[in-house]
Amino acid sequence: MVRLILFGPPGAGKGTQAQTLAKSWQIPHISTGDILRAAVAEKTDLGVKAQANMNRGELVPDQLVTAMVQERLRQPDTKPGWLLDGFPRNVVQAHTLEQFLQQSAQIYDRVINLEVPDDVLVARMLSRGRQDDNEAVIRRRLEVYREETAPLIDFYRGRQSLIDINGDVSVEAVTTAIKDAIAKPDS
Ligand code: ADP
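For the sequence shown, the residue numbers in the UniProt record's numbering are 1 to 187.
Dropping the structure here:
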């Protein structure tokens, strides 16, 4: 049973790591970015409401995102565990997640904080070429990360949940570092 929150700035490699870990541990990878992009592509209500914010590099309103995550975490495939990627992204979302987990008698095990220098993040996102990966929007996403998301580092450190991982090494080395850190009971 593993319940992990993958945390880090945009471009840190959360999605890449989550995919590998989810496969290896046979648990679902829940990426709010992926779910939102699918909603935009399908032009669902949620997608229509989220699109403008995403294109500007702003957060999608908390209510929409938290409802979406709660619905996903209620699905039976999350019984053996889950990997959250891209959520929570601010303190309100973190509190909502804690309440929800308490109500459903679940608890997250760890929060993995992927650390990558800004210049590397920008280079990675520019090479990825997603619709919201142009330079102005990337800069805005990094700002939003610093203002709204980075405060969660202290939030989770205060709960003794945070594990810092250097994300500026090879994909394989990051995966190994995460697995090693999780395997240590008192890390
Ligand atoms: P990245 O890892 O590059 O930041 P994501 O795929 O995680 O990309 O997110 C893409 C966009 O989706 C964000 O810029 C934001 O607009 C929206 N988004 C994703 N997760 C959340 C969230 N938890 N709360 C609000 N908006 C979100």
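From the three backbone atoms N, C-alpha and C, an ideal C-beta is built for every residue, glycine too.
Computed from a prediction, not measured in an experiment: that's the story for all the values here.
- Taken from the Cβ of Gln-93, at least one heavy atom of ligand 1 lies inside 8 angstroms.
- Counting every other CB atom within 10 Å of its CB across the protein chains shown gives Leu-126 a total below 16, marking it as exposed.
- Annotation: Asp-168 to Leu-64 spans about 32 angstroms, alpha carbon to alpha carbon.
- Check the Cα spacing between Gln-17 and each of Thr-175, Lys-184 and Asp-180: the tightest is with Thr-175.
- Not one heavy atom of ligand 1 lies closer than 8 angstroms to the C-beta of Lys-49.
- Following the DSSP letters along the chain, one finds Gly-15 inside the alpha helix (DSSP H) bounded by residues 14-25.
- For Val-111, the beta-bridge partners assigned by DSSP are Ile-5 and Leu-162.
- Of all C-beta pairs linking the segment 144-151 to the segment 17-27, fewer than three are shorter than 8 angstroms, placing the two stretches out of contact.
- Distance from the Cα of Thr-66 is smallest, within the candidate group Gln-51, Arg-89 and Asp-77, for Arg-89.
- Between ligand 1 and Val-122, a heavy atom-to-CB distance of less than 8 angstroms is absent.
- Using a C-beta cut-off of 8 angstroms, the segment 66-75 makes no contact with the segment 115-126, since fewer than three inter-stretch Cβ pairs fall below that distance.
- Annotation for Val-69: Phe-87 place their beta carbon closer than 6 angstroms to its own, counting only its chain and skipping 5 residues before and after.
- At least one heavy atom of ligand 1 is found less than 8 angstroms from the C-beta of Arg-37.
- By the C-beta density criterion, Ala-39 is buried, having at least 16 other C-beta atoms within 10 angstroms.
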